[in-house]
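**Student:**
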Amino acid sequence: MTEQEFLTYQEQSFDAFCKAVVRNESINAHKQLSARAEKEIQLSVLSPSDIGKLYSEDVYKTFQKTFYVQNTPVVVYDQSLAEVLQYLTPQRRDVILLFYFLGYSEAEISRILHIAKPTVADRRISALHRLRKLLEDMENV
13 MTEQEFLTYQ
23 EQSFDAFCKA
33 VVRNESINAH
43 KQLSARAEKE
53 IQLSVLSPSD
63 IGKLYSEDVY
73 KTFQKTFYVQ
83 NTPVVVYDQS
93 LAEVLQYLTP
103 QRRDVILLFY
113 FLGYSEAEIS
123 RILHIAKPTV
133 ADRRISALHR
143 LRKLLEDMEN
153 V
């Protein structure tokens, strides 16, 4: 065997070895993907309730005050805001809680509380002014 033939033999042997390694790794990768596919499902297939079971959320609040509007509980976690909300009249407080905490529109609030829409707007605006004054007074004390 000449030197050139020996070098050709080595190249061909190395080439065959590399091809075998790539083929075997490809087979292993396909087997792993198949095994994973049998055990896993895509998140897009899950229902919202099933997705909710996949995680939990810890909520640590040191303060909470519950107000009731038409028998609906509204929880306020800010202590200073809860304190000043207590100083509002129940009618104004209900409008503030429904509008800002529960996200109702003025038209929806007027239907819920059985009052005119302009009355809802007046109560909301006057309650905001009163809240601002009370919070500023608390800050200055």
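According to the numbering used here, the sequence shown is numbered sequentially starting from 13. All C-beta atoms in this analysis are idealised placements derived from N, C-alpha and C, irrespective of residue type, glycine included.
Roughly how many angstroms separate the alpha carbons of residue 141 and residue 52, rounded to a whole number?
**Tutor:** Numbered from 1 along the sequence shown, position 129 holds the residue referred to as residue 141. Numbered from 1 along the sequence shown, position 40 holds the residue referred to as residue 52. Roughly 56 Å between the two C-alpha positions.
**Student:** Taking 6 Å as the limit between beta carbons, can you name the residues of its chain near residue 88, skipping five residues before and five after?
**Tutor:** Translated into positions along the sequence shown, residue 88 becomes position 76. Excluding sequence neighbours, residue 88 sits near 77 and 94.
**Student:** Which residue's Cα is closest to the Cα of residue 72: 133, 82 and 90?
**Tutor:** Against the sequence shown, residue 72 aligns to sequence position 60. Residue 72 has its Cα closest to that of 90, out of 133, 82 and 90.
**Student:** So residue 96 and residue 55 are in contact, right, with Cβ under 8 Å, and what is the actual spacing, rounded?
**Tutor:** Along the sequence shown, one-based indexing puts residue 96 at 84. Along the sequence shown, one-based indexing puts residue 55 at 43. With a Cβ gap of about 43 Å, residue 96 and residue 55 do not count as contacting.
**Student:** Looking at the strands, I want to know which residues DSSP matches up with residue 85.
**Tutor:** Locating residue 85 in the sequence shown gives position 73, counting from the first residue. The partner list for residue 85 (beta bridge, DSSP) reads 80.
**Student:** Can you list the alpha helix (DSSP H) stretches of 4 or more residues lying completely in the stretch 101-130, in chain order?
**Tutor:** Counting whole runs of 4 or more residues, the stretch 101-130 contains the alpha helix (DSSP H) stretches 102-108 and 118-125.
**Student:** Of all the options 82, 101 and 127, which has the alpha carbon lying nearest to the alpha carbon of residue 143?
**Tutor:** Residue mapping note: residue 143 aligns to position 131 of the sequence shown, counting from 1. Measuring from the Cα of residue 143, the nearest candidate turns out to be 101.
**Student:** Give the straight-line distance between the Cα atoms of residue 85 and residue 79, rounded to the nearest whole angstrom.
**Tutor:** Translated into positions along the sequence shown, residue 85 becomes position 73. Translated into positions along the sequence shown, residue 79 becomes position 67. For residue 85 and residue 79, the distance between alpha carbons rounds to 6 Å.
**Student:** If residue 135 and residue 103 are in contact, beta carbons under 8 Å, what's the gap, nearest whole angstrom?
**Tutor:** The sequence position of residue 135 within the sequence shown is 123, counting from 1. The sequence position of residue 103 within the sequence shown is 91, counting from 1. So it is a contact: roughly 6 Å between Cβ atoms.
**Student:** Identify, in the order they occur along the chain, each residue of the same chain with its Cβ nearer than 8 Å to the Cβ of residue 152, setting aside the five sequence neighbours on each side.
**Tutor:** Taking the first residue of the sequence shown as 1, we reach residue 152 at position 140. Cβ within range, chain order: n/a, list empty.
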